[in-house]
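Below you'll find the structure, written out as structure tokens, and then a few comments.
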Amino acid sequence: MMNPVQRTVFRSVLVLIAMFAFAFALVPLYDVFCRITGVNGKVDERAQTLVSEEVDESRYVTVQFITRSGSGLPWILDVEQRQVRVHPGQPTEINFAFTNQSGSALSGRAVPSVSPSQASRYLRKVNCFCFDEQRLEAGERVEMPLVFQLTRDLPKDVNTVTMVYTLYPVAEEKAQLQAQVAPGSGGDA
Amino acid sequence: MAPKLPPHHSLQHSSTTATAGGQVHDDHDHHPQPRGIMRWLLTTNHKEIGSLYLIFSLIMFFIGGIFALVVRAELFQPGLNLINPEFFNQMTTMHGLIMVFAAVMPAFTGLANWMIPLQIGAPDMALPRLNNFSFWLLPVAFTLLLSTLLMPGGGPNFGWTFYAPLSTTYAPPSTTFFILSLHIAGVSSILGAINIVATILNMRAPGMRMMDMPLFVWTWLITAFLLIAVMPVLAGVITMMLMDINFGTSFFDAAGGGDPVLFQHLFWFFGHPEVYIMILPAFGIVSAIIPTFARKRLFGYASMVYATASIAVLSFLVWAHHMFVVGLPLAATLFFMYTTMLIAVPTGVKVFNWITTLFRGSITFEVPMLFALAFVVLFTIGGFSGLMLAIAPADFQYHDTYFVVAHFHYVLVPGAVFSIMAAVYYWLPKWTGHYPSEILGKWHFWLSVIGVNLTFFPMHFSGLAGMPRRIPDYALQFADFNLVSSLGAFLFGFSQLIFVWVIIKCVRGGVKAPAKAWDGAEDLEWSVPSPAPLHTFETPPDFKPVQH
Ligand code: HEM
Ligand SMILES: [Cu+2]
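Protein sequences appear in the order of chains A and B.
Okay, so the first sequence: first residue is 1 according to the UniProt record's numbering, each after it adds one.
Okay, so the second sequence: first residue is 1 according to the UniProt record's numbering, each after it adds one.
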């Protein structure tokens, strides 16, 4: 039998452990929550099919593209057009180009984000360079398309959608491993 | 001849009236109890541990204060004048960390140690040895934290909120030590909180029901629950940081699929309750002092308890008001905006109750009362600026400006810190057996009030005009406001030396205080002699509940 003080301490420690576990549980919970509600602008990292629906010609949405390099990867990501005007429902293709400015082969990946975040639920990407890692030889330049569609149910108050692509290096060992398993899957897809 | 009280002990060491001074040293070895430094290292007495906490907190208050003055000296004039921006960032960060975790929190824990057993008629804390351990973790934690300033790359420079990736990808190498020290401080707070809960729930004098407890005890009980609930979340966040930095995980690293915004959610899930941890015990102190000097029962005792509890519950539902600009969806923005404003309701109930207690009381203005009254007025100003910040569209303008700095300094300095000073003036007669000097106390009070307002009031204006927080240099149009803020800060900082003088003087002597040192005081602590002997309530007191 525990005395009353021991019982209080025991219960407090249970709460402690539960809250510590809760903090870690929040990491996957947050991810699931964001995926369902689209709150943090994360986009599905798999290809989605187009929804075949009539194009809503009564409405224009401005789609902007921002590309940048993070964590010192000596790459440039260019986009053929910084800004396009599209109708909801209309599939659109835009070309991006990766350039490795360094003197050695490197692996990297573009991590996407969408703003305003609620628009991410209405954004369907049929094809995106951001689904995979890329491997570029020294000085290599590779063009890749993005094919996307904003669905017609995009909320009326969203007039501008900004897609941000940030380049990050991929750990070299990790890239090498993947190259062994699936040769050629990176670079010039 | 054994000194009865910790303060007396140190007094006799430094005393020039050599009556007992020599003897203390002489019977060093013959005494069964450990003496000298060992006595303090091994003590399990709640009063001695309480004093240790308070002295530690006072030292840290000065160290954190020096950091703040370095910041204010740099900001005295526009331009990069005295220190380089890297060091400036370390100073703002260390100032915040030390004040929050090493000054305000330990001060409240020290007051809890001293006063909770006395107020509930218990002989000691429920777990005295654990209590000793909780305290001695603190000097370890903060020596470690301060030592990071001397490490290569400098100390933490990412703000007291240590947002990732500033605190992970871009952090100085000393960050691992910062994490370790925060872990140790966190363990200390958690153990202290468990001890306080165990004491309050199990060791009340026979006949004292929960709704008979003084409000300081109530507010601390609720604070301790908050600590037990959120300190593990802080521990979780810093553990994730540690893994991101050292073990290649990417909890907060977008490159690896993590999310820096997740850091902010987790941090503020801890951080907002944390700000209430720093203010609820203050509510308890003010609710003890105002009735004493108004010579009336506290108005609305039960509503005070319920207001405290509802603030605690709501504090878990408002965290994202710190994150309005990260791009929350509209529904979330509205939710957090409304819950934040809702918190102002129980807070308003408290202010209303204090004012109603004052109404038609026979008020006298001793130093503790002055600090308590200043608390009510100035804390409320901080509450109002909080309400402005809670309005999400307005916060888009105010966020990360000096307006936020003004807000939280109003609630924390003339709020939490003034309440601690009020408590010290209020209970010093019980601790030392002497009244603190009224004249010096009043000098301390008035200089502090003027200093605080000179420092922080202009920050509302510089913030509204657009001055960003955490910058070492600023545009010329902010020069006048910053000049005033810096002058006020030095005035406030140096007036705290009077506080130290008052305390030392009071420990050494002064007007003798009777058991009931203030004639309007009601609670159990005033039934034991002043100074309170080392052991009190070894037989439970005869507690007669009062009608609230
Ligand atoms: C009526 C009650 C209060 C309301 C409505 C309120 C609201 C807010 C809001 C909305 C912010 C975020 C501002 C921004 O970053 O843009 C904020 C910041 C802050 N509040 Fe309060 N607050 C209240 C009371 C308190 C109390 C009692 C404390 C502490 C004792 C406190 C401490 C802080 C701190 C430390 C920050 C700034 C954190 C940082 O970014 O460094 N607040 N408050
Ligand atoms: Cu908050």
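Positions of the beta carbon are idealized from the N, C-alpha and C atoms, including for glycine.
Quick caveat: nothing in here was measured; it's all calculated off a predicted structure.
Residue 409(B) has its CB no nearer than 7 Å to any heavy atom of ligand 2. Per the DSSP secondary-structure output, residue 166(A) pairs in a beta bridge with 68(A), 111(A). Any Cβ of chain B closer than 8 Å to the Cβ of residue 116(A) would place that residue at the interface, and such an atom is present.
Close to residue 166(A), with beta-carbon spacing below 9 Å, are these residues of chain B in chain order: 254, 255. In this structure, DSSP gives residue 264(B) a helical state, which the three-state scheme calls helix. Annotation for residue 275(B) indicates a beta carbon within 7 Å of some heavy atom of ligand 2. Residue nearest to residue 522(B) within the set 296(B), 252(B), 184(B), 207(B) is 296(B) (criterion: CA-CA distance).
Between the C-alpha atoms of residue 97(A) and residue 80(A) there is a straight-line separation of about 8 Å.
Of the candidates 188(B), 170(B), 417(B), 188(B) places its Cα closest to the Cα of residue 232(B). Between ligand 2 and the CB of residue 399(B), the shortest heavy atom gap is not smaller than 7 Å. Secondary structure of residue 468(B) (DSSP, three-state): strand. For residue 518(B), the secondary structure class from DSSP, reduced to helix, strand or coil, is coil. The beta carbon of residue 12(A) sits closer than 8 Å to some beta carbon of chain B.
Remark: the C-beta of residue 161(B) is in contact range of ligand 1, defined as less than 7 Å to any heavy atom. By the neighbour-count criterion, in which 16 or more other beta carbons inside 10 Å mark a residue as buried, residue 122(A) falls on the buried side.
The residues 428, 432, 434, 436, in chain order, have a CB closer than 6 Å to that of residue 506(B) in the same chain once the five nearest residues on each side in sequence are set aside. When the beta-carbon positions are compared, residue 530(B) and residue 513(B) come within less than 8 Å of each other.
The alpha-carbon of residue 286(B) is positioned some 7 Å away from that of residue 419(B). Taking 7 Å as the cut-off, the C-beta of residue 321(B) counts as close to a heavy atom of ligand 1. Relative to the non-hydrogen atoms of ligand 1, the Cβ of residue 340(B) comes within a distance shorter than 7 Å of at least one. Short of 7 Å from the beta carbon of residue 325(B), and not among the five residues preceding or following it, lie these beta carbons of its own chain, in chain order: 396, 399. The beta carbon of residue 166(A) sits closer than 6 Å to those of 68, 70, 111, all from its chain and outside the five residues before and after it, given in chain order. Annotated three-state conformation of residue 318(B) is coil, per DSSP. Between residue 288(B) and residue 214(B), the beta carbon gap of about 6 Å places them in contact (Cβ cut-off 8 Å). In terms of beta-carbon proximity, residue 484(B) stays away from the interface with chain A, with every pair separated by 8 Å or more.
Per the DSSP secondary-structure output, residue 141(A) pairs in a beta bridge with 99(A). When the Cα atoms are used, residue 122(B) and residue 112(B) turn out to be separated by approximately 13 Å. Between residue 48(B) and the set 540(B), 533(B), 541(B), the nearest pair of CA atoms involves 533(B).
Residue 259(B) is classed as buried because its beta carbon has at least 16 other beta carbons within 10 Å across all chains shown.
Relative to the Cα of residue 157(B), the nearest Cα in the group 89(B), 246(B), 45(B), 261(B) belongs to 89(B). Residue 520(B) and residue 293(B) do touch by the CB rule: their CB atoms are close to 6 Å apart, below 8 Å.
Per the coordinates, the alpha-carbon of residue 151(B) lies some 14 Å from the alpha-carbon of residue 91(B). It is roughly 13 Å from the alpha-carbon of residue 145(B) to the alpha-carbon of residue 99(B). Within 10 angstroms of the beta-carbon of residue 449(B) lie 16 or more other beta-carbons, which makes it buried. Residues of the same chain with a CB within less than 6 Å of the CB of residue 164(A), apart from the 5 flanking positions on each side, are 66, 113 in chain order.
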